[in-house]
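Protein sequences appear in the order of chains A and B.
The opening residue of the first sequence carries number 454 in the working numbering; numbering runs sequentially from there.
The opening residue of the second sequence carries number 454 in the working numbering; numbering runs sequentially from there.
Protein chains: 2
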Amino acid sequence: MSSVDEQVPGRRARLRAQTTAEIKAIALKLMADGGADAISLRAIAREMGMSGSAIYSYFETRDALITTLINDVYTSLMDQVEAARDACRPDDAANRILAWGQAIREWALANPQGFRLIYGDPVAGYQAPEGGPAPEAAKRACLGLTGLVAATWPHSQSLQAGGDHQWSDFAPTLVATVRDAFPDLPPAALALALRVWGRMHGLIALETYGHLGPQTHEPAKLYRAEMIDLIRSLGLEQPK
Amino acid sequence: MSSVDEQVPGRRARLRAQTTAEIKAIALKLMADGGADAISLRAIAREMGMSGSAIYSYFETRDALITTLINDVYTSLMDQVEAARDACRPDDAANRILAWGQAIREWALANPQGFRLIYGDPVAGYQAPEGGPAPEAAKRACLGLTGLVAATWPHSQSLQAGGDHQWSDFAPTLVATVRDAFPDLPPAALALALRVWGRMHGLIALETYGHLGPQTHEPAKLYRAEMIDLIRSLGLEQPK
DNA sequence: CACGGAAATTGAACGCCGTACAAGAAATGG
DNA sequence: CCATTTCTTGTACGGCGTTCAATTTCCGTG
Chain A
454 MSSVDEQVPG
464 RRARLRAQTT
474 AEIKAIALKL
484 MADGGADAIS
494 LRAIAREMGM
504 SGSAIYSYFE
514 TRDALITTLI
524 NDVYTSLMDQ
534 VEAARDACRP
544 DDAANRILAW
554 GQAIREWALA
564 NPQGFRLIYG
574 DPVAGYQAPE
584 GGPAPEAAKR
594 ACLGLTGLVA
604 ATWPHSQSLQ
614 AGGDHQWSDF
624 APTLVATVRD
634 AFPDLPPAAL
644 ALALRVWGRM
654 HGLIALETYG
664 HLGPQTHEPA
674 KLYRAEMIDL
684 IRSLGLEQPK
Chain B
454 MSSVDEQVPG
464 RRARLRAQTT
474 AEIKAIALKL
484 MADGGADAIS
494 LRAIAREMGM
504 SGSAIYSYFE
514 TRDALITTLI
524 NDVYTSLMDQ
534 VEAARDACRP
544 DDAANRILAW
554 GQAIREWALA
564 NPQGFRLIYG
574 DPVAGYQAPE
584 GGPAPEAAKR
594 ACLGLTGLVA
604 ATWPHSQSLQ
614 AGGDHQWSDF
624 APTLVATVRD
634 AFPDLPPAAL
644 ALALRVWGRM
654 HGLIALETYG
664 HLGPQTHEPA
674 KLYRAEMIDL
684 IRSLGLEQPK
């Protein structure tokens with residue numbers, strides 16, 4: 454109650470960080486049941502027992518909160534996906550790809566609203582801030598996939614019907630990162646990585662948004678078949 | 454100004470249909486710039502010069518209007534896609550698939566908000582009515598793709614790493630429609646059709662929602678490469 | 001310990017929204 | 001011409017994001 458305590462990092466700042474965390478936690482809870490549109494500053498404040506306008510000390514606007522959430526959620530997704538990949542031996546390219554793909558789907562099924570938050574329409578007229586945090590996580594996803602593809606290169610190149618891709622086709626910062634991590638990889642590999650991304654995204658998005666349910670009862674089987682085919686199209690032996 | 458006029462179909466009903474059409478037209482305009490969330494019944498009424506509550510004579514609720522719009526837009530998309538497909542000779546399976554895929558992407562780029570309306574989160578807590586009209590259009594999409602795949606069958610079967618799909622894996626009505634149109638097609642072909650759907654959907658969804666833009670400047674090239682590879686994975690000669 | 005100022009919080013207000021409902025206007029059919 | 005159906009309006013409620021002046025709470029310092 455007195456003395457100096459460990460006020461080193463500032464007691465006020467700590468309380469502030471705690472409140473910020475609570476706001477985000479409640480926002481995520483509201484989103485989990487009710488979707489991103491259910492994230493209302495007033496509802497959060499009500500749940501926390503504070504006044505509606507108090508939130509504005511912590512987030513300048515609702516979109517700022519959404520932006521932060523997107524960053525957090527996207528980061529947690531990537532953490533999980535990378536962990537799944539790293540649970541496979543580094544030289545087991547096929548299973549690393551399969552693990553990556555399955556991890557995304559499992560995460561999406563467990564956090565459908567989170568998936569929609571990241572990859573869908575976050576909310577009414579929401580505009581992602583230029584060069585903001587979300588692109589950073591997306592780049593991480595893209596780079597991770599590039600790594601998976603790089604492990605199959607140039608073996609997979611011959612199997613692909615590639616266009617004539619140039620480095621200038623891609624964002625400079627992404628190119629820099631990729632060339633730094635994989636110096637000898639040609640631009641076609643980056644294009645292939647993006648296509649792999651799209652291939653994983655397609656069925657998951659359809660399923661998450663409820664377009665697959667009315668057609669099939671076995672989306673898992675379908676997705677697995679797609680992943681197996683994807684792996685084979687990269688010239689790898691069948692996993693498992 | 455007088456006489457009996459052609460009141461055969463009911464003058465009242467005609468006016469009503471006209472007003473309904475105007476509401477939908479304005480709703481689409483609001484959606485085109487501002488997204489689905491910009492569709493507000495009050496704004497529509499304002500634009501039409503009528504009172505806010507008047508709309509409720511034409512649509513019981515906002516979600517009812519959205520549902521109708523989804524149906525209309527989805528139908529127009531399918532019309533366009535099927536037209537693009539039918540512009541190719543029936544025996545030119547490769548170009549029919551390519552045309553189908555390109556038509557979806559071009560439509561999505563021309564009507565991004567329409568794409569989001571169909572395949573994304575339509576709006577705050579919107580719940581698609583069970584067995585409603587949207588599933589019908591989705592079934593049409595799925596059936597169209599099945600036809601494209603059927604044209605490559607059983608040639609494409611041997612190239613696929615298929616799971617062991619049963620008819621019972623799919624929705625009964627879809628199965629009935631498919632077996633009626635293609636009596637000798639096995640369930641694996643239907644699974645392949647859904648996978649093709651997902652493969653087309655993936656890159657388009659990423660691009661439409663702005664996740665591809667930060668990575669590449671050439672999404673068209675990327676998508677085309679994916680379609681070419683998809684066609685080759687079905688065992689067809691390269692188109693064009 | 002007291003006090004001045006900064007940080008955090010409040011409450012009221014504005015203009016949106018979807019929706020409901022009773023009252024009024026308009027058009028129809030007998 | 002009138003009765004009935006159909007359509008439209010005005011008003012109201014609660015919820016939303018956001019702003020702003022007023023207020024409370026807390027901290028470092030004299």
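Every residue, glycine too, gets a C-beta built ideally from N, C-alpha and C.
Name the chain B residues that come within less than 8 Å of Asp682 of chain A, Cβ to Cβ? One-based indexing of the first sequence puts residue 682 of chain A at position 229. Result: Gln613, Ala614, Arg648 and Ser686.
For Pro640 of chain A, count neighbouring Cβ atoms within 10 angstroms of its own Cβ and tell me buried if that reaches 16, exposed if not. Here residue 640 of chain A refers to the residue found at position 187 when the first sequence is read from its first residue. Classification for Pro640 of chain A: buried.
In chain B, which residues lie with their C-beta within 8 Å of the C-beta of Tyr527 of chain A? As a first step, residue 527 of chain A must be located in the first sequence, where it is residue number 74. Identification of chain B residues near Tyr527 of chain A by a Cβ-Cβ cut-off of 8 Å yields none; the smallest Cβ-Cβ distance measures about 11 Å.
So is Leu468 of chain B buried or exposed if we call it buried at 16+ other beta carbons inside 10 Å? Walking along the second sequence from the start, residue 468 of chain B turns up at place 15. Exposed is the call here.
Smallest Cα separation from Leu551 of chain B: which of B:Tyr572, B:Gly573, B:Leu483 and B:Ile681? What you label residue 551 of chain B is simply residue 98 of the second sequence in a count that begins at 1. Closest in alpha carbon position to Leu551 of chain B, among B:Tyr572, B:Gly573, B:Leu483 and B:Ile681, is B:Ile681.
Do three or more CB pairs link the stretch 616-624 of chain B to the stretch 662-675 of chain B at distances below 8 Å? no
Proximity winner among B:Gly655, B:Gly616, B:Ala629 and B:Lys693, relative to Gln668 of chain A (alpha-carbon distances): As a first step, residue 668 of chain A must be located in the first sequence, where it is residue number 215. The option with the nearest alpha carbon to Gln668 of chain A is B:Ala629.
Alpha-carbon spacing of Ala474 of chain B relative to Ala594 of chain B, whole angstroms: If you number the second sequence from 1, residue 474 of chain B lands on position 21. If you number the second sequence from 1, residue 594 of chain B lands on position 141. Approximately 25 Å, taken between the alpha carbons.
So is Lys674 of chain B in contact with chain A if we call contact Cβ pairs under 7 Å? On the second sequence, residue 674 of chain B is found 221 positions in, with the first residue counted as 1. True, the Cβ-Cβ gap to chain A drops below 7 Å.
Using a C-beta to C-beta distance shorter than 8 Å, which residues of chain B count as neighbours of Gly597 of chain A? On the first sequence, residue 597 of chain A is found 144 positions in, with the first residue counted as 1. By Cβ distance, chain B contributes nothing, its closest Cβ being about 13 Å from Gly597 of chain A, past 8 Å.
Cutoff 7 Å: Leu689 of chain B Cβ touching any chain A Cβ: Indexing the second sequence from 1 puts residue 689 of chain B at position 236. Not closer than 7 Å to any Cβ of chain A, the Cβ of Leu689 of chain B fails to qualify, so no.
Hey, Gly573 of chain A and Tyr662 of chain B are a contact pair by Cβ (cut 8 Å); roughly how many whole angstroms apart? Looking up residue 573 of chain A in the first sequence gives position 120. Looking up residue 662 of chain B in the second sequence gives position 209. With 8 Å as the limit, Gly573 of chain A and Tyr662 of chain B qualify as a contact, their Cβ atoms being about 7 Å apart.
Is Ser510 of chain B buried or exposed, if buried means 16 or more other CB atoms sit within 10 Å of its CB? Mapped onto the second sequence, residue 510 of chain B falls at position 57. That one is exposed.
Is the shortest distance between the beta-carbon of Ala678 of chain A and the beta-carbons of chain B less than 7 Å? The residue given as residue 678 of chain A occupies position 225 in the first sequence. Cβ-Cβ to chain B under 7 Å: yes for Ala678 of chain A.
Residues near Ala485 of chain B by beta carbon distance below 7 Å, same chain, minus five either side: As a first step, residue 485 of chain B is located in the second sequence; it is residue number 32 there, counting from the start. Here the set comprises Gln566.
Cut-off 7 Å between Cβ atoms - residues of its own chain near His608 of chain B, not counting five sequence neighbours on either side: Locating residue 608 of chain B in the second sequence gives position 155, counting from the first residue. Cβ within range, chain order: Gly688.
Could you check whether Ala556 of chain B and Ala537 of chain B sit closer than 7 Å to each other, using their CB atoms as the reference points? Here residue 537 of chain B is taken as the residue at index 84 of the second sequence, counted from 1. Here residue 556 of chain B is taken as the residue at index 103 of the second sequence, counted from 1. Going by C-beta atoms, Ala537 of chain B is nearer than 7 Å to Ala556 of chain B.
Between Tyr676 of chain B and Arg648 of chain A, what straight-line distance do the alpha-carbon atoms span, to the nearest angstrom? Taking the first residue of the second sequence as position 1, residue 676 of chain B is located at position 223. Taking the first residue of the first sequence as position 1, residue 648 of chain A is located at position 195. About 8 Å.
Beta-carbon contacts of Ala603 of chain B that lie in its chain and below 7 Å, excluding the five residues immediately before and after: Along the second sequence, one-based indexing puts residue 603 of chain B at 150. Closer than 7 Å at Cβ, skipping near neighbours: Phe635, Leu638 and Ala642.
Could you please give me the residues that DSSP links to Thr669 of chain B through a beta bridge? As a working mapping, residue 669 of chain B is identified with position 216 in the second sequence. Thr669 of chain B has A:Phe623 as its beta-bridge partners, per DSSP.
Close beta carbons around Leu601 of chain B, own chain, < 8 Å, minus the five adjacent residues each side: For the purposes of this step, residue 601 of chain B is taken as residue 148 along the second sequence, with counting starting at 1. Here the set comprises Arg538, Ala546, Arg549, Ile550, Trp553, Ala646 and Val649.
Using the beta-carbon count (16 or more within 10 Å), is Arg465 of chain A buried or exposed? Indexing the first sequence from 1 puts residue 465 of chain A at position 12. Under this definition Arg465 of chain A is an exposed residue.
Please decide whether Arg652 of chain A counts as near chain B, where near means a Cβ-Cβ distance under 7 Å. As a working note, residue 652 of chain A is residue 199 in the first sequence. True, the Cβ-Cβ gap to chain B drops below 7 Å.
Tell me where the alpha helix (DSSP H) around Trp553 of chain B begins and ends. Taking the first residue of the second sequence as 1, we reach residue 553 of chain B at position 100. For Trp553 of chain B, the enclosing alpha helix (DSSP H) covers residues Ala546 to Ala563.
Please return the same chain residues whose Cβ sits closer than 7 Å to the Cβ of Ile479 of chain B, not counting the five positions on each side in sequence. Taking the first residue of the second sequence as position 1, residue 479 of chain B is located at position 26. The residues are Ile497, Glu500 and Met501.
Check whether the Cβ of Leu656 of chain B lies closer than 7 Å to any Cβ atom in chain A. Position 203 of the second sequence, counted from the first residue, corresponds to residue 656 of chain B. Interface residue (Cβ-Cβ distance to chain A less than 7 Å): Leu656 of chain B is classified as such.
Going by other Cβ atoms of all chains shown within 10 Å of its Cβ, with 16 needed for buried, is Val461 of chain A buried or exposed? Here residue 461 of chain A refers to the residue found at position 8 of the first sequence. A caution first: Val461 of chain A carries a pLDDT of 49, below 50, which makes its placement in the model too unreliable to give a value.
Report yes if the C-beta distance between Arg652 of chain B and Gly487 of chain A is below 7 Å; otherwise report no. The count along the second sequence starts at 1 and reaches residue 652 of chain B at position 199. The count along the first sequence starts at 1 and reaches residue 487 of chain A at position 34. Going by C-beta atoms, Arg652 of chain B is not nearer than 7 Å to Gly487 of chain A.
For the alpha helix (DSSP H) containing Ala498 of chain A, name the first residue and the last one. Sequence index remark: in the first sequence, residue 498 of chain A carries index 45 (1-based). Leu494 to Met501 is the span of the alpha helix (DSSP H), which, as asked, contains Ala498 of chain A.
Starting from the Cα of Trp560 of chain B, find the closest Cα among B:Asp544, B:Glu535, B:Ile684 and B:Gly666 and give me that residue. Here residue 560 of chain B refers to the residue found at position 107 when the second sequence is read from its first residue. It is B:Glu535.
Check Ala536 of chain B in the structure and name its three-state DSSP category. Position 83 of the second sequence, counting from 1, holds the residue named residue 536 of chain B. Three-state DSSP puts Ala536 of chain B in a helix.
What's the gap between the Cα of Asp525 of chain B and the Cα of Gly597 of chain B? On the second sequence, residue 525 of chain B is found 72 positions in, with the first residue counted as 1. On the second sequence, residue 597 of chain B is found 144 positions in, with the first residue counted as 1. Near 18 Å, if we compare the C-alpha coordinates of Gly597 of chain B and Asp525 of chain B.
Given Ala658 of chain B, which residues of its chain have a CB within under 7 Å of its CB, disregarding the five upstream and five downstream residues? Position 205 of the second sequence holds residue 658 of chain B. Here the set comprises Tyr572.
Where does Met454 of chain B sit, in a helix, a strand or coil, going by DSSP? If you number the second sequence from 1, residue 454 of chain B lands on position 1. Caution is warranted here: a pLDDT of 38 is assigned to Met454 of chain B, below 50, making its placement in the model unreliable, and the coordinate value is therefore given only provisionally. Coil.
Could you check whether Tyr527 of chain A and Ala590 of chain A sit closer than 7 Å to each other, using their CB atoms as the reference points? The count along the first sequence starts at 1 and reaches residue 590 of chain A at position 137. The count along the first sequence starts at 1 and reaches residue 527 of chain A at position 74. Taking 7 Å as the Cβ cut-off, Ala590 of chain A and Tyr527 of chain A qualify as a contacting pair.
Note down the Cα distance separating Leu530 of chain A from Pro588 of chain A, rounded to an integer number of angstroms. Counting from 1 along the first sequence, the entry for residue 530 of chain A is found at position 77. Counting from 1 along the first sequence, the entry for residue 588 of chain A is found at position 135. C-alpha separation (whole angstroms): 14 Å.
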